[in-house]
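Trainee: Under this note's numbering, the residues of the sequence shown are numbered 103 to 289, in order.
C-beta: ideal position from N, C-alpha, C; glycine also.
Take this structure first; my questions come after.
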Amino acid sequence: NGERRVAVKKQAELPIVYLAWHVPSQRSNDAPALEVLSTILAGGRASRLYRDLVYQRQLALEAGGDYSYFAIDPNLFWFWATPMPGQTAETLEKELIAHMDRLKSEPVTEEELARAKNQIEAAMVFQEDSIHRRASLLARFEVIGGFTLKDSFIARIRAVTAADLTRVASTWFAPDKKSIGILQPKE
Numbered sequence: 103n104g105e106r107r108v109a110v111k112k113q114a115e116l117p118i119v120y121l122a123w124h125v126p127s128q129r130s131n132d133a134p135a136l137e138v139l140s141t142i143l144a145g146g147r148a149s150r151l152y153r154d155l156v157y158q159r160q161l162a163l164e165a166g167g168d169y170s171y172f173a174i175d176p177n178l179f180w181f182w183a184t185p186m187p188g189q190t191a192e193t194l195e196k197e198l199i200a201h202m203d204r205l206k207s208e209p210v211t212e213e214e215l216a217r218a219k220n221q222i223e224a225a226m227v228f229q230e231d232s233i234h235r236r237a238s239l240l241a242r243f244e245v246i247g248g249f250t251l252k253d254s255f256i257a258r259i260r261a262v263t264a265a266d267l268t269r270v271a272s273t274w275f276a277p278d279k280k281s282i283g284i285l286q287p288k289e
């Protein structure tokens, strides 16, 4: 337990900051809320992190993250950002943590919640686009407990509320569950 931190100096043009929290696998009742939170925070260019850090405040060149719903074992809910020239990794670390902390006290908007759910559902529909992708999707569900879980996946996502997201953020994004990795360019 406790925060874990690693800093590495390597040949690189810019620094990069990674933050990760230990979270449960998809077998947890919190998994659908974690999937929705991941989409709200890092699901593309309309996500909170990209919109705030890249577009609006121009602190980062890129920002993103992920949570793997299909993990069998407990895994990581992680985010990363690359600072704009003139910005520091330390600044972005603080900003990423601030985004996670806000989730614990400020509920997401109904618009954000609906957009994330629609984005997840649309991704599932696109997975059905071809035989190969459909087979791959069914195989992923089979690995985590059975292909029939696919049928309840969207219902579980649709059932997530803003209150669920606040509860899950408070439960899983504690400082003692956090790991921080920073890549600094060699001078």
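Could you check whether residue 218 and residue 185 sit closer than 8 Å to each other, using their CB atoms as the reference points?
Mentor: No, the Cβ-Cβ distance between residue 185 and residue 218 is not below 8 Å.
Trainee: Go ahead and pull the three-state DSSP assignment for residue 150.
Mentor: Looking at residue 150 - three-state DSSP - the assignment turns out to be helix.
Trainee: Under 8 Å, with one C-beta from each stretch per pair, do the stretch 183–198 and the stretch 236–248 reach the 3-pair mark?
Mentor: No, they do not touch.
Trainee: Within 8 Å, do at least three Cβ pairs link the stretch 149–158 to the stretch 131–139?
Mentor: No, they do not touch.
Trainee: Residue 172 and residue 143 look like a contact to me (Cβ under 8 Å); what is the Cβ gap, rounded to whole Å?
Mentor: That belief does not hold up - the Cβ atoms of residue 172 and residue 143 are roughly 18 Å apart, past 8 Å.
Trainee: Could you tell me which of 103, 119, 123, 277 sits nearest to residue 194, measuring between CA atoms?
Mentor: For residue 194, the nearest C-alpha among the options comes from 119.
Trainee: Hey, is the stretch 226–242 in contact with the stretch 268–279, meaning 3+ C-beta pairs nearer than 8 Å?
Mentor: Taking 8 Å as the limit for Cβ pairs, the verdict is that the stretch 268–279 does not touch the stretch 226–242.
Trainee: Please state if the CB of residue 165 and the CB of residue 191 are separated by a distance shorter than 8 Å.
Mentor: No, the Cβ-Cβ distance between residue 191 and residue 165 is not below 8 Å.
Trainee: So, at 7 Å on beta carbons, what are the nonlocal neighbours of residue 256 in its own chain, with the 5 sequence-adjacent residues on each side left out?
Mentor: 223, 226, listed in sequence order.
Trainee: Kindly list the residues whose CB is nearer than 6 Å to the CB of residue 116, restricted to its own chain and excluding five residues on each side of it in sequence; keep chain order.
Mentor: Contacts found: 184.
Trainee: Using a threshold of 8 Å, state whether the C-beta atoms of residue 205 and residue 268 are closer than that.
Mentor: For residue 205 and residue 268, yes; Cβs fall inside 8 Å.
Trainee: Is DSSP giving residue 262 helix, strand or coil here?
Mentor: Correct three-state label for residue 262: coil.
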